[in-house]
Amino acid sequence: MIPTATHATPPAAPTHSPVQAPRAIVHRTRGHGGGFITRLMSPSDLGEVLKPFVFLDLFRADQATQRAMEARGGMPIHPHSGVATVTVITEGRMRFDDPDAGKGTIGYGGVEWMRAGGGVWHGKEMTTDDVPLIEGFQLWLALPDALENGPSESRYIEAADMPQDGPARVIVGEYNGVRSPVPAPDGINYLLVTLAAGETFTYQPPAGHTVGWLAVSQGKLSTGATQPSAVAGDMVVFDNSGATLHLQASGDTPAVFVLGSAVPHPHPLHLGNYSVHTSAKALEIGENRIKELGRTLKALGDRRTASGTVPVLR
Numbered sequence: 001m002i003p004t005a006t007h008a009t010p011p012a013a014p015t016h017s018p019v020q021a022p023r024a025i026v027h028r029t030r031g032h033g034g035g036f037i038t039r040l041m042s043p044s045d046l047g048e049v050l051k052p053f054v055f056l057d058l059f060r061a062d063q064a065t066q067r068a069m070e071a072r073g074g075m076p077i078h079p080h081s082g083v084a085t086v087t088v089i090t091e092g093r094m095r096f097d098d099p100d101a102g103k104g105t106i107g108y109g110g111v112e113w114m115r116a117g118g119g120v121w122h123g124k125e126m127t128t129d130d131v132p133l134i135e136g137f138q139l140w141l142a143l144p145d146a147l148e149n150g151p152s153e154s155r156y157i158e159a160a161d162m163p164q165d166g167p168a169r170v171i172v173g174e175y176n177g178v179r180s181p182v183p184a185p186d187g188i189n190y191l192l193v194t195l196a197a198g199e200t201f202t203y204q205p206p207a208g209h210t211v212g213w214l215a216v217s218q219g220k221l222s223t224g225a226t227q228p229s230a231v232a233g234d235m236v237v238f239d240n241s242g243a244t245l246h247l248q249a250s251g252d253t254p255a256v257f258v259l260g261s262a263v264p265h266p267h268p269l270h271l272g273n274y275s276v277h278t279s280a281k282a283l284e285i286g287e288n289r290i291k292e293l294g295r296t297l298k299a300l301g302d303r304r305t306a307s308g309t310v311p312v313l314r
């Protein structure tokens with residue numbers, strides 16, 4: 001009797017997850033400006049591409065610069081409507097003193113949130129603490145039509161009250177189940193991240209967040225093996241794929257940066273000198289309110305607090 005032949009099932013070929021290509025950088029800028037402020041984005045340029053993110057300043061002032069600014073009267077008071085401003089400190093400290101919000105200090109990761117809505121005048125609501133260097137970012141967000149001429153508000157959130165996930169402070173929105181106390185519109189994430197030399201960070205944008213960018217204030221940051229690193233002073237814009245970002249502090253010092261992702265703002269931008277709105281009519285309403293508040297500001301006279309701040313006029 002001839003035995004029946006048996007055939008073993010060959011082992012399955014090993015499977016490998018495809019290596020994800022780095023998310024492409026489609027634009028890189030070092031902005032423009034002089035002195036202690038560098039304008040990285042304005043509503044009339046990159047703001048059109050990255051809305052609801054429409055404006056970004058990187059500011060950096062040593063003590064000599066701070067004294068010179070104070071001698072010239074500091075930042076002038078100016079108006080806004082239709083936007084929210086988010087000021088985050090990356091080094092140093094600033095003090096706030098507001099009858100409606102109390103007194104305190106904003107240091108690394110602390111935030112001033114101001115929703116201008118239908119109109120505010122501001123510019124002197126915080127003063128620099130006694131520090132050798134003050135550095136940070138001011139960001140503007142275009143508001144949705146339901147809020148652009150609505151009530152305004154200001155909040156000062158000290159660093160200890162800002163939530164964190166690993167190396168990331170969640171300034172706006174929600175990341176890995178950690179939600180910011182900043183009352184921003186939905187569909188926007190804004191993180192402040194510090195990585196030690198060689199440390200990596202992976203960011204998976206939420207569904208629909210096809211807008212993506214980052215800006216570096218300190219150090220050197222790799223965004224992918226085939227792309228040049230982003231260094232201090234750089235802002236880079238990513239393609240609209242919504243793909244994961246794989247980042248690494250590639251220098252021999254920590255990398256400090258802010259990162260934004262969002263669902264695209266669906267409205268055209270209608271611009272005034274200090275205002276961004278969704279329509280010509282909304283802009284007209286906002287600018288008329290600003291003029292009215294300007295007359296009130298003039299009539300009120302000196303509004304300085306004992307600590308030298310001037311509260312936001314809403």
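Position 232 (the sequence shown) corresponds to 232 in full-length UniProt numbering; numbering is contiguous. Just so you know, even glycine gets a beta-carbon here, dropped at the ideal spot from N, CA and C.
Only residues of its own chain outside the window of five on either side were considered, and among them D57, F59 have a CB closer than 6 Å to the CB of I37, listed in chain order.
In terms of CA proximity to S241, P206 leads the group E284, Q248, R115, P206.
Taking the Cβ atoms as the reference, V310 lies roughly 6 Å from I77, within the contact range of under 8 Å. Going by C-alpha positions, E135 is about 26 Å away from P185. In the displayed model, N273 falls within coil according to three-state DSSP, outside both helix and strand. Per DSSP, E91 is one residue of the beta strand (DSSP E) stretching across 83 to 91. Counting of Cβ neighbours within 10 angstroms places K298 among the exposed residues, the total staying below 16.
When DSSP states are grouped into helix, strand and coil, G286 belongs to the helix group. Residue environment: T87 is assigned as buried (16 or more neighbouring CB atoms within 10 Å of its CB, all protein chains considered).
Every unbroken stretch of the beta strand (DSSP E) spanning 3 or more residues and falling wholly within the stretch 28 to 76 is given here in chain order: 37 to 41, 53 to 62. Fewer than three pairs of CB atoms, one per stretch, sit closer than 8 Å, so the stretch 247 to 262 makes no contact with the stretch 275 to 295. Excluding sequence positions up to five before and after Y175, its CB lies within less than 7 Å of the CB of D165, A168, N189, L191, all in the same chain and listed in chain order. Counting only runs of 3+ residues, the beta strand (DSSP E) found wholly inside the stretch 217 to 277 occupies 220 to 222, 235 to 238, 245 to 249, 255 to 262, in chain order. Listed in chain order, the beta strand (DSSP E) elements of length 3 or more contained wholly in the stretch 159 to 194 are 168 to 172. Under DSSP, H122 takes part in a beta bridge, and its partners are H78. At a Cβ-Cβ threshold of 8 Å, R93 and D129 count as neighbours. Taking the Cα positions, E112 is about 14 Å away from D100.
Note: T200 is bridge-paired with Q248 in the DSSP secondary-structure output. Beyond the five residues adjoining it in sequence on each side, R30 comes within less than 7 Å, by CB distance, of G233, D234 in the same chain, given in chain order. Ranked by how close their Cα comes to the Cα of S44, the residues H246, R95, L269 have L269 in first place.
Judged by beta-carbon spacing, T127 lies within the 8 Å limit of R95, meaning their Cβ atoms are closer than that value. Around the beta carbon of K103, a 10 Å sphere encloses fewer than 16 other beta carbons of the protein chains shown; the residue is thus reported as exposed. Per the C-alpha coordinates, the member of A142, T65, G118 positioned closest to S42 is A142. The beta carbon of A61 sits closer than 6 Å to the beta carbons of F36, I134 from its chain, once the five residues preceding and following it are set aside; these are given in chain order. In the structure shown, E292 adopts helical secondary structure according to DSSP, grouped into three states. Separation of T105 and A21 (C-alpha to C-alpha, rounded to the nearest whole angstrom) is 42 Å. Rounded to whole angstroms, V216 and V231 show a C-alpha spacing of 6 Å. Contact between T194 and Q138 fails: their C-beta atoms lie close to 19 Å from each other, not under 8 Å. Out of T223, P151, R155, S261, the CA that lies nearest to the CA of S81 is found in P151.
Looking from the CA of G294, the closest CA among V312, G308, G109, G33 belongs to V312.
By alpha-carbon distance to R39, the top candidate from V26, V54, L271, I25 is V54.
Taking a C-beta distance under 8 Å as the contact criterion, E158 and G110 qualify as a contact pair.
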